[in-house]
Amino acid sequence: MVEADTIEPVTKKAKAPRTIKTHTVGSYLATRFTQIGLKHHFAVAGDYNLALLDQLLANKEMKQIYCSNELNCGFSAEGYARANGAAAAVVTFSVGALSALNAIGGAYAENLPVILVSGAPNTNDRATDHFLHHTLGTHDFSYQLEIAKKLTCAAVSITSPARAPEQIDYAIRTALRERKPAYIEIACNIAAAPCAAPGPVSALIRPEPSDQESLHAAVNAAAGFISSKLKPVIVIGAKLRAAGAEKEAVALADAIGCSVVVMAAAKSYFPETHPQFVGVYWGEVSTPGAREIVDWSDGIICLGTVFNDYSTVGWTAVPNVQNTLEVDFDRVQMPGHSFGRIQLRDFLAALARKVEKRDATMVEYDRIRVEERPVTPAKPEAKLTRTEIFRQIRPMVTPNVTLIAETGDSWFNGVPLKLPTDARFESEMQWGHIGWSVPAAFGYAVAAPERRVITLVGDGSFQLTAQEVAQMIRNRLPVILFLINNNGYTIEVEIHDGPYNNIKNWDYAGLIQAFNAEDGHGQGFVAATGGQLATAIKAALAHQDGPTLIECRIDRDDCSPELISWGHTVATANGRPPRP
Ligand code: DPX
Ligand code: MG
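Okay, so the sequence shown: first residue is 8 according to the numbering used here, each after it adds one.
Given below as structure tokens:
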């Protein structure tokens with residue numbers, strides 16, 4: 008907020024002086040951000056947003072965190088939103104925002120309310136024949152807004168301080184309600200212009216209530232669906248967390264007593280220590296027992312699930328809709344019924360009070376359950392393998408750990424890791440942008456400094472966004488990065504190989520020294536044997552003053568059997584000939 012102004016009394020009869028806070032468009036935005044729970048916003052400076060950044064800096068309840076480029080800025084905010092519920096990224100016009108919009112597409116796909124704020128041309132230049140820098144060199148300045156409209160749930164262009172409060176509130180409220188990103192563009196000469204003060208924040212954050220009649224009817228129909236089934240199972244999907252319904256899913260599972268599986272994209276959204284948790288359901292690459300139970304079930308209760316080509320392993324594991332009760336953000340569907348305006352959370356809570364016990368899938372699971380066998384440690388001097396890396400990482404996964412698994416074999420290596428209560432797992436399975444994990448881990452660590460963030464990232468992915476390790480160093484965040492160097496794009500090798508899957512090797516540990524420069528405290532290690540890895544892990548756990556990167560060198564063809572099997576099936580789906 009900008010400094011308070013004192014209004015002097017104009018006549019002797021007037022009341023005593025009163026102090027009012029003068030708001031500007033930028034300070035209004037800052038107040039709204041803090042009101043919705045942001046303690047930080049991510050930024051890259053550029054002349055179109057400098058006045059706005061000054062306004063945001065003036066709000067002492069929020070810190071400005073800088074990123075190395077706008078793509079990383081968007082992903083850092085995306086990671087922050089995973090830990091904090093919402094986030095903001097502030098960039099400059101066009102050259103900045105167009106890069107950030109890729110990450111905003113990711114936030115859309117992953118159901119995360121990230122507010123992208125872009126500086127924009129001066130209002131005086133819009134109606135003239137001026138050409139402006141950072142534009143296409145035409146008189147069209149609207150293309151960015153038009154693109155943003157496709158990638159967000161609300162996109163506004165602010166060119167008048169009088170309308171700014173309404174437009175800012177609309178964008179933020181829509182993002183929070185829809186769990187999708189929003190876009191706010193602010194003309195550079197408007198950011199510091201005075202505007203009205205923000206009203207109560209409840210106007211933005213109060214959830215839409217469920218329609219009570221619809222809710223009642225849906226709960227009755229769903230209870231009937233479940234009681235007509237002999238062996239129901241619950242499948243947890245990625246939208247459950249966005250719906251804020253994780254606790255309610257546990258209550259429903261307790262009430263039905265059936266087996267519960269999570270989809271890979273929803274790993275950690277249901278406690279893996281719960282007695283009814285039976286694993287990760289991912290078609291033929293499911294953890295042992297999970298697929299058998301889902302295939303055996305006659306009533307699949309899908310909570311916030313997304314079935315795409317990857318999660319169905321090239322369309323080989325699509326649940327039969329005749330057996331499915333589907334609960335989405337605001338809709339409940341089952342054979343013969345479709346109900347709207349129902350909050351997922353309200354529905355689960357009400358259904359838990361109504362359903363009967365149906366525990367056949369648990370009885371069956373107990374018959375087929377296989378206990379995990381401990382992996383034999385490799386000799387300390389033996390060449391490092393994927394199996395040995397994950398044998399050593401397994402005990403690091405304690406309740407305060409958040410594992411961030413990059414697209415690539417890191418998905419398949421991360422998914423089987425058993426999570427203790429409260430441990431979290433993050434992946435970006437719908438958008439699948441390689442390189443996401445490094446800035447997302449940075450943003451997550453900014454939001455949750457009390458948690459230990461561990462990133463699993465491949466060599467190819469790391470090369471896209473490596474610069475954000477420098478921001479971890481700058482902010483002294485003790486993130487641990489396991490960089491699995493298998494000399495290339497191994498997941499692509501399994502889908503379809505060619506010379507394009509080979510990459511230039513880097514000295515990854517050396518890179519940390521370069522990022523440290525004169526004042527940083529990052530650590531870089533190379534592990535080519537199990538013994539070296541154990542030493543590096545010990546040093547990483549002891550280090551509190553900055554990140555640790557451990558380059559784990561393995562053979563190019565040392566990948567998980569799940570990746571090979573999944574890759575081949577997805578390749579078959581990609582290779583389907585066009586229909587005649
Ligand atoms: C690509 C992928 O080294 O992991 O375990 O070796 O596969 P693995 P790496 O990080 O390589 C990743 C690579 C190239 N995907 O195998 S998954 C295509 C792709 C993508 N995102 C972007 N560009 C290309 N997913 C931004
Ligand atoms: Mg690789």
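All C-beta atoms, glycine included, are put in the ideal place defined by N, C-alpha and C.
Straight-line gap, residue i to residue j (C-alpha atoms, nearest Å)
| i | j | result |
| --- | --- | --- |
| R380 | A389 | 21 Å |
| A210 | A200 | 23 Å |
| F4 | S149 | The chain is shown only over 8 to 587; residue 4 falls outside these bounds and no answer can be derived. |
| I502 | A324 | 18 Å |
| T142 | L36 | 25 Å |
| V51 | D526 | 21 Å |
| N109 | G81 | 8 Å |
| T280 | A524 | 44 Å |
| T536 | F419 | 22 Å |
| W443 | A245 | 17 Å |
| L57 | G505 | 45 Å |
| K156 | L78 | 18 Å |
| H140 | S101 | 10 Å |
| E192 | A84 | 17 Å |
| T409 | V486 | 10 Å |
| D136 | H146 | 7 Å |
| E363 | I233 | 8 Å |
| K19 | L152 | Any reading at K19 must be qualified, since the residue scores a pLDDT of 46, below 50, and its modelled position is unreliable; no value is offered. |
| N76 | G495 | 24 Å |
| P3 | L332 | Residue 3 is absent from the structure shown; the chain starts at 8 and stops at 587. |
| S235 | A93 | 40 Å |
| F469 | E255 | 37 Å |
| R89 | P587 | 44 Å |
| V9 | T31 | Only weak support exists for where V9 lies, its pLDDT of 37 falling under 50; the coordinates are left without a value. |
| P326 | L64 | 50 Å |
| V242 | P214 | 25 Å |
| R186 | V163 | 17 Å |
| V208 | L259 | 32 Å |
| H223 | Q329 | 22 Å |
| S572 | V301 | 19 Å |
| L426 | P278 | 8 Å |
| E220 | G343 | 18 Å |
| T99 | Y55 | 5 Å |
DSSP state of residue i mapped onto helix, strand, coil
| i | result |
| --- | --- |
| M479 | helix |
| L59 | helix |
| S209 | helix |
| L463 | strand |
| I43 | coil |
| H137 | coil |
| I179 | helix |
| T472 | helix |
| V267 | strand |
| G286 | strand |
| I241 | strand |
| I487 | strand |
| L143 | coil |
| E215 | coil |
| T280 | coil |
| T159 | coil |
| A21 | Unreliable positioning characterises A21 in this predicted model, as indicated by a pLDDT of 49, which lies under 50. A coordinate reading is not provided. |
| F148 | coil |
| A110 | helix |
Identity of the residues DSSP links to residue i by a beta bridge
| i | result |
| --- | --- |
| N131 | In DSSP, N131 forms no bridge with anything. |
| H48 | Q71 |
| N492 | R560 |
| E192 | S125, S164 |
| R431 | T409 |
| A95 | I122 |
| E291 | W289 |
| S444 | None; S444 has no bridge partner. |
| F346 | V339 |
| C202 | H30 |
Any C-beta of chain B under 7 Å from that of residue i
| i | result |
| --- | --- |
| A359 | In the structure shown, chain B does not exist; there is a single protein chain. |
heavy atom of ligand 3 below 6 Å from residue i C-beta
| i | result |
| --- | --- |
| G467 | Because ligand 3 does not appear in the structure shown, any question about it cannot be addressed here, the ligands present being ligand 1 and ligand 2. |
> For the stretch 350-429, which segments carrying the beta strand (DSSP E) assignment without a break, of at least 3 residues, lie completely within its bounds, in sequence order?
Replying inline: Here the runs fully enclosed are 408-412.
>> So within the stretch 496-574, which uninterrupted alpha helix (DSSP H) runs reach at least 4 residues, ignoring any that extend past its ends?
In response: 497-502, 515-523, 537-549, all fully within the stretch 496-574.
>> Runs of 3 residues minimum, wholly inside the stretch 293-340: which ones carry the beta strand (DSSP E) assignment?
In response: Runs of the beta strand (DSSP E) lying entirely within the stretch 293-340, each at least 3 residues long, are 306-310, 331-334 in chain order.
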